[in-house]
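Asker: Just so we're on the same page, my numbering is the position in the sequence shown counted from 1, plus 643. Glycine included, every Cβ here is placed at the ideal spot set by N, Cα and C. Bear in mind that the values here come from a model prediction, so they are computed numbers and not experimental data. Please find one structure pasted underneath; my questions will follow.
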Amino acid sequence: MASRQLKDAHALVTGGGSGIGAAIARALAAEGARLTLVGRTRGPLEETANALRTGYGADVHVAIADVSDREAVDTACAAARAQHGPIGILINNAGIAPSAPFASVTAEAWRKTIGVNLDALFHCTQSALPDLLAAPAGRIVTVASTAGVKGYAYTAPYVASKHGAIGLTRALAAEYARTALTVNAVCPGFSDTGIVDTAVARIQTATGRSADQAKAELTRFNPQRRLIEPAEVAEAVAWLCRPSSRSITGQTIMVAGGEVM
Ligand code: NAP
C-alpha cells in the first residue's frame, strides 16, 4: 500500500505518456499527487491520464509541449499552475536515445539530442523554480541513465547529454542545499520501453540478428541479464519525492541490476 505522502503535492512529469514517465506518474498518483503530464503527442498522454483517473482517482492535467522549446515549456508550466496550483515536484523524464557511429553524427542530430535531453532540463527547471523553492518539500528528480556515469559505443550525443544531466543535478543540489528543495537523478539501465524496442530493431537491421539476439546485446550489460521494469525506476523516483527523503540530495541512484556499482 502506497504511503500517500504526496497527497498535497502537484507533480509535473515530462514524457509522462509512455514508458518510464507513465510508470512514474502511476507511482506518484498512488501516493496521492495531482499530476501534470507533458509531452508532444496528445494520444498517449490522454490515455495515461485516463488510466490514472480511473485507477487512482487522480487529478490529472495534460500539457502539450516540446520540452526543448523554452516558450512551450513556460506555457505548459503556466497552464499546469493554473490547473493544479504551484509545481512542487518536477520529474525531468522526457528523452530520446538515437544511436550512430560518432563519425556519422550530424550537427543537427547532436543538437537535437542535447536539446531534448539536456537543454530541456534547464528550461523546465528554470520555469518551475519559483514554485519548487516555495514548496515545503520541493523536489527535482531527473531520469538520467547509466550512460550518465559511463560510456557506451555508438551513442555519443546521448552519453554526453546524460553526463550533463547528472552534472546539472549536482550543481543544483549544491546551490540549493540551504533550501527545502532536493535535486537527484535516477539512472536506469536498459529498461523495457519503446526506446529499447527501437534499439533492438536498429541492431536487427544493422547486424541481421534475431530480436532475441539483439535484445541479448543489451541485457548483457546488466549483471542480472534482464531489462529493468519501468515500475522499478518509478519506485526509486517516488521514494526521492517523499517529504521524508529530505536528506537525500545531489545523488545519482542506479536502478540497473548492478551494472554500475
Ligand atoms: P519512451 O517511452 O520513448 O519515453 C520517452 C518520452 O519522452 C515519451 O513520452 C515522449 O513523448 C517524450 N519526449 C520525447 N521527446 C520529447 C520532446 N521533445 N518534448 C516532450 N516530450 C518528449 O522511453 P523511456 O525509456 O520511457 O524514456 C524515458 C527516459 O528514460 C528518457 O530520458 C531516457 O533517456 C531514460 N532512460 C531510458 C532507458 C531505457 O532503456 N528505456 C535507460 C536509461 C534511461 P512524445 O514523443 O509524445 O513527446
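(1) If we count the other Cβ atoms within 10 Å of its Cβ and call it buried at 16 or more, is P866 buried or exposed?
(2) In chain order, which beta strand (DSSP E) runs of at least 3 residues are fully inside the segment 763 to 811?
(3) Just the C-alpha distance for T756 and Y801, rounded to the nearest angstrom, thanks.
(4) Below 7 Å, is the gap between the Cβ of T848 and the nearest heavy atom of the ligand GTP?
(5) Per DSSP, which residues does M904 bridge with? Please list them.
(6) Could you tell me the distance, in whole angstroms, from the CA atom of A879 to the CA atom of A899?
(7) If we call anything under 8 Å between Cβ atoms a contact, is A816 one with A780?
(8) Rank G731, Q726, M904 and S711 by C-alpha distance to the C-alpha of R754 and give the top, closest one.
(9) What does the Cβ neighbour count give for E690, buried or exposed, with the cut at 16 atoms within 10 Å?
(10) Just checking D762 against the ligand NAP - is the residue's beta carbon closer than 7 Å to any of the ligand's heavy atoms?
(11) Quick one: which unbroken beta strand (DSSP E) runs of 3-plus residues sit fully inside the segment 672 to 706? Chain order, please.
(12) Helix, strand or coil, according to DSSP, for S834 in the structure here?
(13) Assign M863 to buried or exposed, taking buried as 16 or more other Cβ atoms, counted over all protein chains shown, within 10 Å of its Cβ.
(14) Could you tell me which residues DSSP pairs with A654 in its beta bridges?
(15) Over what stretch of residues does the beta strand (DSSP E) that includes V876 continue unbroken?
(16) Determine the contact status of A828 and G791, defining contact as a CB-CB distance below 8 Å.
(17) How about I838 and A740: do their beta carbons lie closer than 8 Å?
(18) Which residue or residues does DSSP assign as beta-bridge partners of T895?
(19) Identify, in the order they occur along the chain, each residue of the same chain with its Cβ nearer than 7 Å to the Cβ of R696, setting aside the five sequence neighbours on each side.
(20) For E674, count neighbouring Cβ atoms within 10 angstroms of its own Cβ and tell me buried if that reaches 16, exposed if not.
(21) Would L671 pass as a contact of C830 if the rule is Cβ separation under 8 Å?
(22) Does the distance between the C-beta of V784 and the nearest non-hydrogen atom of the ligand NAP fall short of 7 Å?
(23) Verify the contact flag: A654, CB atom, against every heavy atom of the ligand NAP, threshold strictly below 7 Å.
(24) Helix, strand or coil: which one does DSSP assign to R821?
(25) Taking the alpha-carbon of D709 as reference, which of S890, S834, F833 and T684 has the nearest alpha-carbon?
(26) Report yes if the C-beta of D717 is less than 7 Å from at least one heavy atom of the ligand NAP; otherwise report no.
(27) Pull up the CB-CB distance for S834 and L870, whole angstroms please, since I reckon it's below 8 Å.
Answerer: Reading from the atomic positions:
(1) Within the sequence shown, residue 866 is the residue found at index 223, counting from 1. The residue in question, P866, is exposed, as its Cβ has fewer than 16 Cβ neighbours within 10 Å.
(2) If only uninterrupted beta strand (DSSP E) runs of at least 3 residues are considered, those enclosed by the segment 763 to 811 are 782 to 786.
(3) As a working mapping, residue 756 is identified with position 113 in the sequence shown. As a working mapping, residue 801 is identified with position 158 in the sequence shown. C-alpha separation (whole angstroms): 6 Å.
(4) Looking at this structure, you won't find the ligand GTP anywhere; what it does contain is the ligand NAP.
(5) The count along the sequence shown starts at 1 and reaches residue 904 at position 261. Partner(s): none; M904 has no beta bridge.
(6) Residue 879 sits at position 236 when you count from the first residue of the sequence shown. Residue 899 sits at position 256 when you count from the first residue of the sequence shown. Roughly 12 Å between the two C-alpha positions.
(7) As a first step, residue 816 is located in the sequence shown; it is residue number 173 there, counting from the start. As a first step, residue 780 is located in the sequence shown; it is residue number 137 there, counting from the start. No, the Cβ-Cβ distance between A816 and A780 is not below 8 Å.
(8) Counting from 1 along the sequence shown, the entry for residue 754 is found at position 111. Here the closest residue by C-alpha is S711.
(9) Within the sequence shown, residue 690 is the residue found at index 47, counting from 1. Answer is exposed; the Cβ neighbour count stays below 16.
(10) Taking the first residue of the sequence shown as position 1, residue 762 is located at position 119. No, the ligand NAP has no heavy atom inside 7 Å of this Cβ.
(11) 677 to 682
(12) Here residue 834 is taken as the residue at index 191 of the sequence shown, counted from 1. Three-state result, S834: strand.
(13) Taking the sequence shown and counting its residues from 1, the one referred to as residue 863 is at position 220. It should be pointed out that residue 863 corresponds to Arg in this sequence rather than to Met. Per the 10 Å Cβ criterion, exposed.
(14) By 1-based counting over the sequence shown, the position of residue 654 is 11. DSSP, once it has assigned bridges, lists L678 and I732 as partnering A654.
(15) Taking the sequence shown and counting its residues from 1, the one referred to as residue 876 is at position 233. Taken as a continuous stretch (DSSP letters only), V876 belongs to no beta strand (DSSP E), being part of the alpha helix (DSSP H) at P873 to C884.
(16) Taking the sequence shown and counting its residues from 1, one reaches residue 828 at position 185. Taking the sequence shown and counting its residues from 1, one reaches residue 791 at position 148. Cβ atoms of A828 and G791: closer than 8 Å.
(17) Residue 838 sits at position 195 when you count from the first residue of the sequence shown. Residue 740 sits at position 97 when you count from the first residue of the sequence shown. Yes.
(18) Reading the sequence shown from its first residue, position 252 is the one you call residue 895. T895 pairs with A828.
(19) Your numbering for residue 696 matches position 53 in the sequence shown. Contacts found: V703.
(20) As a position in the sequence shown, residue 674 is number 31, starting the count at 1. The Cβ neighbour count for E674, taken over all protein chains shown within 10 Å, is at least 16; the residue is labelled buried.
(21) On the sequence shown, position 28 is the one that residue 671 refers to. On the sequence shown, position 187 is the one that residue 830 refers to. Going by C-beta atoms, L671 is not nearer than 8 Å to C830.
(22) Translated into positions along the sequence shown, residue 784 becomes position 141. No, the beta carbon of V784 sits no closer than 7 Å to any heavy atom of the ligand NAP.
(23) Along the sequence shown, one-based indexing puts residue 654 at 11. For the ligand NAP, not one heavy atom lies less than 7 Å from the Cβ of A654.
(24) Within the sequence shown, the letter at position 178 stands for residue 821. Looking at R821 - three-state DSSP - the assignment turns out to be coil, as it is neither helix nor strand.
(25) Here residue 709 corresponds to residue number 66 of the sequence shown, with the count starting at 1. When only C-alpha atoms are compared, the closest one is T684.
(26) What you label residue 717 is simply residue 74 of the sequence shown in a count that begins at 1. Checking every heavy atom of the ligand NAP against the Cβ of D717, none is found closer than 7 Å.
(27) On the sequence shown, residue 834 is found 191 positions in, with the first residue counted as 1. On the sequence shown, residue 870 is found 227 positions in, with the first residue counted as 1. About 6 Å separates the two Cβ atoms, so the contact holds.
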